[in-house]
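The numbers in our numbering rise by one with no breaks, and the one at position 365 of the sequence shown is 354. By construction, the Cβ of each residue, glycine as well, lies at the ideal position given by its N, Cα and C atoms.
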Amino acid sequence: MRVCILTRGDLFPTNHGAAVKIVRTAEHLAARDVTTCIVTDDRDRYLRYTASGVEHVPYPPRVRAAQEWPPLPRLGAWSSRLCDAVGYPREEHFLYRPIFDPAWWLRAAAVGAAENIDWFQAEFPGYGAPAFIASRSLTALRRLRGRPKPARSSIVQHNVEWDRLAEFGHDTRRIRVVEQLLLRLADEVIAVSDDDRRRMAAAGTPRDKITVIPHGVDAEAFARARGDGIRARYGLAPDTPLLFFHGTLHYWPNTEAVRFIAEQLLPRLLSERPEIRVLVAGQNPPAYYAHPAMVFAGPVEDLPAHVAAADLCLCPLFAGGGTRLKLLEYMAAGRAIVSTTKGAEGIACQPGEHLELADDPDAMADRVLALLDDPARRAR
């Protein structure tokens, strides 16, 4: 089998949940002799993963040039206006423009034909349109050439997107219609939790086409990581009580988590333990929530080492869907965790055994302080 993944372009460094999931999927498929291509918004090249490694493959000159032929650039510019009309937030247009951008459809179809793709996998529903168009175009081309083998498409729902955006206060009536259509057009839909499958089925997606494949992490990499040099890198003493949080920090739930830490959690913690520090890793840190006791590391290549350097990890999320890959990474590293109920949603874990739950700043501060005062309990 030959697979083509259609997805966002911010995959490297692989230091946020979506990037980790997508790149590791390609790597592990390739290790099983499944040639896997990744098509992104890069108009010049795509990635090809094989058992021997990864290649950056230039598009053929005609395909590259065709992306600039009238009227494709003009239609591509209109894709943002169409995203506005549907109701997608401006900061997330990059995830949804592929629904309306013919250059995206062209790249997907061109890779499908050049690489003899059997399955197109859209990571996020916005990539479901080029996946569907490419699979059906390739199937028609094969039939013309006397090859009946069809190409198929699937959509991986990292969240139930219309519910996630509704939680942020957006009007999602049109979004829901568009995404339900895309899910119906796909041959398969992949959810990351049973709860997400239930919500999609309740909204009209045929339940029998939804498969649940939970997120996973490289448990060995996190378990063996050492954080000895991380504290020194940021000028933190070995005995400084250190909390850790990471994510794509311009993503609103993670931005809100940083705000919560800076404005509500840290004041309560520092009144009891003024030496506490918080290390926050991830791209685009919100400088307007800077705090003297908080260190913004930016995007990091050695995420397991950063997690290993912490005494305790935080997951103070109040919105979002799917499952939080960061929580699985903290568990794999053997770190004590304090999370909101929303942050732990979709993961089979027991409060008091695998992590501590708290949904308001006073309760979270109490649980953090109790864990910092009890090394034996943190090490369980």
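* Nearest to E318 (by Cα), restricted to the options L301, T330 and F307 -> L301
* **Start and end residues, beta strand (DSSP E) containing L231** => L231 to H235
* **Nearest neighbour of A120, chosen from T(-4), A279, A298 and L231 [CA to CA]** => T(-4)
* Report all residues from its chain with a CB closer than 6 Å to the CB of G335; omit the five preceding and five following residues, and keep chain order. => S182, D184 and T312
* DSSP beta-bridge partners of T329 -> None, per the DSSP bridge assignment.
* To do: Can you have a look at P263 and say buried or exposed, based on whether 16 or more other CB atoms are within 10 angstroms of its CB?
  => exposed
* Asked: Do the stretch 182 to 202 and the stretch 265 to 283 make contact, defined as three or more Cβ pairs closer than 8 Å?
  -> no
* **Closest residue to E252 among L171, P275 and A92 (Cα-Cα distance)** => P275
* Could you check what DSSP says for G336 in three-state terms: helix, strand or coil? => Contrary to the premise, residue 336 reads as Ile rather than Gly in this sequence. Coil, per DSSP.
* Counting Cβ pairs, one atom from each stretch, are 3 or more of them under 8 Å apart for the stretch 65 to 80 and the stretch 15 to 35? -> no
* Asked: Where does I106 sit, in a helix, a strand or coil, going by DSSP?
  -> coil
* Asked: Per DSSP, what kind of secondary structure is Q253 in: helix, strand or coil?
  -> helix
* **Three CB pairs or more closer than 8 Å across the stretch 49 to 65 and the stretch 96 to 115** => yes
* **Which listed residue (V269, L225 and L231) has its alpha carbon closest to that of A364** => Before going further, note that residue 364 is Pro rather than Ala in the sequence given. Closest by alpha carbon: L231.
* Can you name, in chain order, every residue of its own chain whose Cβ lies under 7 Å from the Cβ of A294, other than the five neighbours on each side? -> A214, R215, G216 and I219
* Buried or exposed: where does S124 fall if 16 or more other Cβ atoms within 10 Å of its Cβ makes it buried? -> buried
* Asked: Should V75 be labelled buried (16 or more other beta-carbon atoms within 10 Å of its own) or exposed?
  -> buried
* Asked: Can you give the Cα-Cα distance for A180 and R162, rounded to whole angstroms?
  -> 21 Å
* To do: Check each candidate in M(-10), R131, A97 and T3 and name the one with the smallest Cα separation from D33.
  => A97
* Could you spell out where the beta strand (DSSP E) holding S142 opens and where it closes? => R141 to Q146
* Asked: Where does H295 sit, in a helix, a strand or coil, going by DSSP?
  -> helix
* Going by DSSP, what residues sit across from Y35 in a beta bridge? -> V46
* To do: Return the first residue and the last residue of the alpha helix (DSSP H) that F307 is part of.
  => Here F307 belongs to no alpha helix (DSSP H), and DSSP marks it neither H nor E.
* Asked: Whose C-alpha, out of Q56, L346, W94 and Q110, is nearest the C-alpha of R(-9)?
  -> Q110
* What residues in its chain sit with their C-beta under 7 Å from that of R356, if we drop five residues either side in the sequence? -> V327, E345 and A347
* Asked: Roughly how many angstroms lie between the CA atoms of E290 and F1, to the nearest whole one?
  -> 9 Å
* **Closest by C-alpha distance to A325, when choosing among L314, L303 and A129** => L303
* Work out the CA separation of S260 and T24 for me, nearest whole Å. => 55 Å
* Asked: Are the C-beta atoms of R37 and some chain B residue less than 8 Å apart?
  -> In the displayed structure, chain B is absent; only one protein chain is listed.
* **Residue(s) in a DSSP beta bridge with M18** => Checking the sequence, you will find Leu at residue 18 rather than Met. None, per the DSSP bridge assignment.
* Rounded to a whole number of angstroms, what is the C-alpha to C-alpha distance between P60 and W151? -> 31 Å
* Asked: Which one of T237, P305 and F249 has the shortest CA to CA distance from A286?
  -> T237
* Asked: Of all the options Y35, P91 and T39, which has the alpha carbon lying nearest to the alpha carbon of P47?
  -> Y35
* To do: Could you tell me the distance, in whole angstroms, from the CA atom of H45 to the CA atom of P340?
  => 45 Å
* To the nearest angstrom, how far is it from the Cα of E245 to the Cα of W108? -> 37 Å
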